[in-house]
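These protein sequence lines are chains A and B, in that order.
The working numbering numbers the first residue of the first sequence as 1 and each following residue consecutively.
The working numbering numbers the first residue of the second sequence as 1001 and each following residue consecutively.
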Amino acid sequence: MGAALAFAGQPRLCTPGAPAPGRLPAAISTYLDSLGRESFDQFAACARWAGTFVDRGRRAARENERETQPARIILFPAAGTSLADLSRWLRRSNEVRAVGISRRFVVAALAPRLSGTQLRKLLDSERIEYAEPDCDGPEFVTTSNDFMAPTTLEGDCWKRAARAAFPNDPCIDELWGHRLIGWDSHVAARSLPRMIAVLDSGIDATHEDLARNIVPIDSRITLHSLSRGLNERCATSGLCYPHGTEMAGTISGRMDNGIGVAGVAPNSHLLPLVISPKGQHGMLGRLSTIAEAIDEAVIDDVDIINISAKWPVESRAISEALDNAIGGARATRRLVITGYTTSFDRDDRVREFYPSLYRCLPGVIAAVPADMRGRDLFNPENRPDATDGRIQAPGVDIVVTTTENSERGYALSEAAGASSAAAYVSGAVALAWGSPPLDKCDAQQIKQLLFCRSKTSKSSRYPWINVGFLRELEGLEPGTSCATALAALGCN
Amino acid sequence: MFKKHSIRGSRNSYLPAAGLLAFATLAFAQTAGPDAALAGWIGREITIETSTIGDHIPVGGKLTFIYDPDDNIVRVCTRNTTLQSTPWQMDFAQPCAVTLVFTRGERYCSLEDVKAGNAEVLSACHRLRSRDVAMSAAKGRSAVELSDLLVFLVPGESGKHVISILVDTPSRVTAPGGGATGKD
Chain A
1 MGAALAFAGQ PRLCTPGAPA PGRLPAAIST YLDSLGRESF DQFAACARWA
51 GTFVDRGRRA ARENERETQP ARIILFPAAG TSLADLSRWL RRSNEVRAVG
101 ISRRFVVAAL APRLSGTQLR KLLDSERIEY AEPDCDGPEF VTTSNDFMAP
151 TTLEGDCWKR AARAAFPNDP CIDELWGHRL IGWDSHVAAR SLPRMIAVLD
201 SGIDATHEDL ARNIVPIDSR ITLHSLSRGL NERCATSGLC YPHGTEMAGT
251 ISGRMDNGIG VAGVAPNSHL LPLVISPKGQ HGMLGRLSTI AEAIDEAVID
301 DVDIINISAK WPVESRAISE ALDNAIGGAR ATRRLVITGY TTSFDRDDRV
351 REFYPSLYRC LPGVIAAVPA DMRGRDLFNP ENRPDATDGR IQAPGVDIVV
401 TTTENSERGY ALSEAAGASS AAAYVSGAVA LAWGSPPLDK CDAQQIKQLL
451 FCRSKTSKSS RYPWINVGFL RELEGLEPGT SCATALAALG CN
Chain B
1001 MFKKHSIRGS RNSYLPAAGL LAFATLAFAQ TAGPDAALAG WIGREITIET
1051 STIGDHIPVG GKLTFIYDPD DNIVRVCTRN TTLQSTPWQM DFAQPCAVTL
1101 VFTRGERYCS LEDVKAGNAE VLSACHRLRS RDVAMSAAKG RSAVELSDLL
1151 VFLVPGESGK HVISILVDTP SRVTAPGGGA TGKD
């Protein structure tokens, strides 16, 4: 997996200079100091860290004598202390109820009603270099919201018989996003498989349009207990929230099999890793779960990590895993694709979330959801710059594979928003990277190429993902190098 | 001040004074009435047609926006009907208890804009916003779920007035967000 990046203190991957000093996130340190003998409340701590703490909610909870949520902390060992040493020491502590060891950190579940003073004393140990709450919850780590509204799309295409023409998938004409981004079924048919980790709610491995492309995680998985439990229950069963299955069809639904949809990269393989099962009481995704899933994707040597989730804080656990996954500053090994996730903050300003904010890194692309049906894209006057990391993609009214709400495992997902856009971009990256001779390129070359050959429209703020240029590869000799191919495509 | 002008004015000065009076009336009307971008949605009974959070914003439920000039806010007044999926609950069940503040954007949103969910785009749209609306009990804990509502005004076909509601839960208790649409 390579050497982990050594952060000292709070990470700031997108801020030049040294990491912020301190052994806790600043908001958590302030919260601890304010508690004294009062009980630490994980919920309040996470809300403060996220900047979303509402005192009215806390008062309401007190009035109703709601119990505080016990602390669950991610702990990084100090230099000279191993993970095993830290774990053993924690297990001997009266304040600790359970300990899980991950690859870079330890997760400790602490006793209920632990006071701020007691927790501060524990965290001040010389064995601990840094600590952060292992936050969870459907609002802390979540996929994009479901949303329903009237649509102009014809539904139920999945009930039709196979088309007579290639590809014979009956929903192919409803995939407006495929047409808009210049997708070509013949290019897709020739593409080589790439491996895409789908960090989401799992993928239904029994779905007829997906089954052949799903690669289950290794049964010898070394995830700690929560992540292992989530994956055992949700990774391929189709029993959990359907979001992951919906994104999987857009990325890599089988083509020309006479049913449903075709993915943008229909020959590629999908590795389901569960981070947001949503709706599974007591099995909510946590920051540690995401960090572990990214590490697992690296162990499984995937090319692309598609993350369908958002969270409001820069977690060191995730930052370290992500930095390692993309290969540091050069970021040549793999790409991380996520949605451009934004919402209105309490002061009405637009707030961007993680992992979208990691688009400052060269190995990360944030897909901006948009609806451009009925409009044309054209080549921009100037080649777009990939530094910003944002690229637009279809995000509205997408026909998707699913585990519910349909008779045959499909539905019209009227607004997966940023998640759908990310699925489109992941598919586009896999398709381009799997189209010889571009399979010889590294991750950065593929990213630069996709921005270089992106399109635009009069109303587009960001470049639009486009794969129509892949047809131009047909004229190249077999064995052409990546550099020569990029030059031929005008993007050297 | 304007009244004084009109009383003291000579015949020659009467017309300018009348002009000032008219201006004063207009100015008063502008501060007293809702923004022109919002006015079409005021006083119309809107029926909820789709909802991903039907327990809290029920399909078939009726609501009317009432403009309150004293506070320059919009009050949401709900009405239960026999056809709606569940009754209005908590703050929505109280008479006109939910209040919204109007933000004038640069344009009206489309439903597709709202569905895409890019706040960067939505920030340019005319919208209403609430704070801390009690909509449901928090699951698994003895607490109340406080939500923020964002209501986007969408001009519909044939002069219909459509609303698209996004529900967020910044208080972060347990419930996920969701959305609903309705029209008059």
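No residue lacks a Cβ here, since even glycine has one placed at the ideal position from N, Cα and C.
Count the other CB atoms within 10 Å of the CB of residue 23/A; is the residue buried (16 or more) or exposed (fewer)? Using a 10 angstroms sphere on the CB of residue 23/A, the tally of other CB atoms reaches 16 or more, which defines it as buried.
With DSSP run on the structure shown, which of helix, strand or coil describes residue 509/A? Nothing about residue 509/A can be read from this structure; chain A reaches only from 1 to 492.
Using Cβ-Cβ distances below 7 Å, what residues of the segment 1145 to 1169 of chain B are close to chain A? Within the segment 1145 to 1169 of chain B, those residues whose Cβ lies closer than 7 Å to any Cβ of chain A are, in chain order, 1146, 1150, 1164, 1168, 1169.
Coarse secondary structure for residue 38/A, derived from DSSP in three states: Per DSSP, reduced to three states, the secondary structure at residue 38/A is coil, with no helix or strand assignment.
Which residues in chain B have a C-beta closer than 8 Å to the C-beta of residue 417/A? List them in chain order. Under the 8 Å cutoff, chain B gives 1115, 1116, 1117, 1118.
Cβ of residue 428/A within 7 Å of any heavy atom in the ligand COA? As presented, the structure is devoid of all ligands, the ligand COA included, so that no description of it is given.
Contact list for residue 369/A against chain B, beta-carbon separation under 7 Å: Ordered by position in chain B, the residues that pass the 7 Å Cβ test against residue 369/A are 1116, 1117, 1118.
Beta-carbon contacts of residue 253/A that lie in its chain and below 7 Å, excluding the five residues immediately before and after: Contacts found: 209, 210, 260, 261, 262, 263, 266, 401.
Let's test the definition: count the other Cβ atoms within 10 Å of the Cβ of residue 495/A and tell me whether it reaches 16, buried, or not, exposed. Since the first and last residues shown for chain A are 1 and 492, residue 495/A lies out of range.
With C-beta atoms as the reference, is residue 321/A less than 8 Å away from residue 444/A? No, the Cβ-Cβ distance between residue 321/A and residue 444/A is not below 8 Å.
What span of residues does the beta strand (DSSP E) with residue 1077/B cover, start to end? Judged by DSSP secondary structure, residue 1077/B falls within the beta strand (DSSP E) whose first and last residues are 1073 to 1079.
Residues that DSSP places opposite residue 1148/B in a beta bridge: Under DSSP, residue 1148/B forms a beta bridge with 1168/B.
Among 89/A, 467/A, 425/A, 442/A, nearest to residue 183/A - alpha-carbon criterion: With respect to the C-alpha of residue 183/A, the residue from 89/A, 467/A, 425/A, 442/A having the closest C-alpha is 467/A.
When the Cα atoms are used, what is the spatial distance from residue 1102/B to residue 1065/B? Rounded to whole angstroms, residue 1102/B and residue 1065/B show a C-alpha spacing of 11 Å.
Rounding to the nearest angstrom, what Cα-Cα distance links residue 47/A and residue 353/A in this structure? Residue 47/A and residue 353/A: Cα-Cα distance of roughly 14 Å.
Please list the terminal residues of the continuous alpha helix (DSSP H) segment that includes residue 257/A. From DSSP, residue 257/A is part of no alpha helix (DSSP H); its letter is neither H nor E.
With distances taken Cα to Cα, identify the nearest neighbour of residue 355/A among 371/A, 133/A, 317/A, 373/A. Ranked by Cα distance from residue 355/A, the first of 371/A, 133/A, 317/A, 373/A is 317/A.
Rounded to the nearest angstrom, how far is the Cβ of residue 188/A from that of residue 255/A, given a contact under 8 Å? About 6 Å; that satisfies the 8 Å criterion.
Please state whether DSSP places residue 1021/B in a helix, a strand or coil. Only weak support exists for where residue 1021/B lies, its pLDDT of 45 falling under 50; the coordinates are left without a value.
Pull out every residue of the segment 335 to 360 of chain A whose Cβ sits closer than 8 Å to any Cβ of chain B, in chain order. Cβ contacts with chain B: 340, 342, 343, 344, 346, 348, 350, 351.
Looking at the secondary structure, which residues open and close the alpha helix (DSSP H) in which residue 319/A lies? Its alpha helix (DSSP H) spans residues 316 to 326.
Kindly confirm or deny that the segment 1079 to 1093 of chain B and the segment 1118 to 1128 of chain B touch, where touching means at least three C-beta pairs closer than 8 Å. For the pair of segments examined, the segment 1079 to 1093 of chain B was found not to touch the segment 1118 to 1128 of chain B: the number of CB pairs separated by less than 8 Å stays below three.
Within 10 angstroms of the Cβ of residue 21/A, are there 16 or more other Cβ atoms? Answer buried if so, exposed if not. Around the Cβ of residue 21/A, a 10 Å sphere holds fewer than 16 other Cβ atoms; the residue is exposed.
Separation of residue 435/A from residue 190/A, as counted between CA atoms: Cα to Cα, residue 190/A sits roughly 7 Å from residue 435/A.
For residue 1065/B, which residues does DSSP report across the bridge? The bridge partners DSSP lists for residue 1065/B are 1042/B, 1076/B.
With contact counted as at least three CB pairs below 8 Å, one residue from each stretch, are the segment 363 to 370 of chain A and the segment 160 to 177 of chain A in contact? By the Cβ criterion, the segment 363 to 370 of chain A is not in contact with the segment 160 to 177 of chain A, since fewer than three pairs of Cβ atoms, one from each stretch, lie closer than 8 Å.
Candidates 420/A, 307/A, 362/A: which alpha carbon is nearest residue 249/A's? Taking each of 420/A, 307/A, 362/A in turn and checking the Cα distance to residue 249/A, the smallest one comes out for 420/A.
Using alpha carbons as the reference points, say which of 482/A, 106/A, 169/A lies closest to residue 132/A. Relative to residue 132/A, the option among 482/A, 106/A, 169/A whose CA is nearest is 106/A.
Helix, strand or coil at residue 30/A [DSSP, three-state]: Collapsing the DSSP output to three states places residue 30/A in a helix.
Confirm, please, whether the CB-CB distance from residue 1084/B to residue 1114/B is below 8 Å. Contact flag unset, no.
Quick one: does residue 425/A have its CB under 8 Å from some CB of chain B? Judged by the 8 Å Cβ criterion, residue 425/A is not in contact with chain B.
Let me know the secondary structure DSSP gives residue 244/A once reduced to three states. Reduced to three states, the DSSP call for residue 244/A is helix.
Contacts that residue 1103/B makes with chain A (C-beta to C-beta distance below 8 Å): In chain order, 348 make up the part of chain A whose C-beta sits under 8 Å from the C-beta of residue 1103/B.
Closer than 8 Å, CB to CB, is residue 1112/B near chain A or not? At a cut-off of 8 Å between beta carbons, residue 1112/B contacts chain A.
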